[in-house]
Amino acid sequence: TYAGNLATVAEVADSPKYHFAEIDIRNAEAVGELFSQYQPSAVMHLAAESHVDRSIDGPGSFISTNVVGTYTLLEAVRDYVNNQNSRGCECRFHHVSTDEVYGSLGPQGLFTEDSPYAPNSPYSASKAASDHLVRAWHETFGLDVVVSNCSNNYGPYQYPEKLIPVIIQKALAEAPIPIYGRGENVRDWLFVEDHARALVQIMQAGAPGQTYNVGGNAEKTNLEVVESVCGILDNIMPRPSGQPYADLIAYVTDRPGHDLRYAIDASRISRDLGWQAVETFESGLTTTINWYLENATWVSTVTGGDSIGQRLGLGGAQ
């Protein structure tokens with residue numbers, strides 16, 4: 095995917111536990127060769143196209159990667175386990191998904207693992223389809239699978255087209271900071287290191303066939319997120335003019351079909367696996383902003399020096 099870059103994993107490049115293979119996850123032969131070479135006991139599937147706006151402008155790549163790619167991986171695991179049965183081979187498949195598959199919430203309530211699926215964007219529909227495939231391969235073929243559905247991630251190394259990195263870059267460039275609609279859409283924010291701990295815990299201790307929702311217990315409107323970033327920047331890197339960064343906020347045309355609210359009930363993973371988010375939104379956001387300020391070279395490297403923040407996702411509407 096365009097959002098992947100080896101600069102992100104440079105720190106572990108020399109580790110004997112790390113190996114990078116550049117393949118297309120839809121290529122069954124290439125995927126199968128990796129299974130034969132490394133004989134894994136577990137697969138954590140995070141390979142996906144994940145930008146809602148891009149899915150509106152070009153849904154085909156999302157269907158191909160997220161649905162066909164997941165099918166290809168599931169079949170690779172099934173073939174691998176079947177071919178290694180004489181050696182008692184086991185291989186757990188952890189499918190990492192999103193809370194967007196549940197659709198849009200009203201002002202009250204939380205998504206649970208039993209919430210009905212009601213995806214509203216090409217991205218969320220593609221992830222919903224892949225979730226169903228994973229559960230079908232568990233029920234039909236007996237694969238050892240677990241599924242996790244997470245809320246909005248943020249933190250160091252996030253590709254710069256996502257909301258929080260965009261706010262930081264726009265603010266530092268003294269450019270308008272775009273907010274869709276009136277900024278009233280609500281998301282639950284999950285710090286990336288908290289999510290990483292959850293993924294490991296689910297992989298190691300999750301019940302076969304089970305689903306776990308992972309959330310940060312940090313509901314914020316988009317406007318609140320922007321104002322929080324601006325407030326932290328005001329303190330650690332004030333504008334030369336002395337004016338608050340929030341003065342740069344600019345309201346723009348909303349995304350078609352923009353879901354009003356997502357909110358996660360993470361009680362199952364807390365109760366069954368002992369996981370809970372450690373970072374508050376404020377502490378995680380401060381860590382994130384400081385990281386981007388200290389790693390401008392990384393941002394330039396992963397984007398190829400191109401500007402980020404070009405408006406996407408209008409689907410032809412103006």
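Numbering (my numbering), first residue to last: 95 to 412. Think of the CB as a built atom: it goes at the ideal place given N, C-alpha and C, for glycine as much as any other residue. All figures in this text were calculated on a predicted structure; none of them were measured in a lab.
Cβ-based burial, residue 96 [other Cβ within 10 Å; buried from 16]: exposed
Tell me whether residue 221 sits in a helix, a strand or coil according to DSSP, three-state version. helix
Return yes when the Cβ of residue 254 is within less than 7 Å of the Cβ of residue 393, no when it is not. yes
Would you say residue 376 and residue 288 are within 7 Å of each other, going by their C-beta atoms? no
If we ignore side chains and look at the alpha-carbon of each, how far apart do residue 307 and residue 189 end up? 12 Å
If you follow the beta strand (DSSP E) that residue 134 is part of, which residue opens it and which one closes it? Premise fails: residue 134 is in no beta strand (DSSP E) and is neither H nor E.
So, using beta-carbon positions, are residue 303 and residue 232 closer together than 7 Å? yes
Pull up the distance between the alpha-carbon of residue 222 and that of residue 313, whole angstroms please. 23 Å
For residue 314, list the residues DSSP reports as bridge partners. 281
Do you know offhand how far residue 276's Cα is from residue 158's? 33 Å
Candidates 335, 324, 336, 283: which alpha carbon is nearest residue 357's? 283
Which of the three DSSP states is assigned to residue 344 in this structure? strand
Same chain, Cβ closer than 7 Å to residue 343, five either side skipped, listed in chain order: 271, 273, 320
What are the boundary residues of the beta strand (DSSP E) that includes residue 363? Where residue 363 is concerned, there is no enclosing beta strand (DSSP E), although the alpha helix (DSSP H) it sits in stretches over 361–367.
Contact check, residue 257 vs residue 326 under 8 Å by CB: the rounded distance? Actually they do not touch by this definition, with Cβ atoms about 15 Å apart.
Classification of residue 195 by the beta-carbon crowding that lies within 10 angstroms, buried from 16 upward: buried
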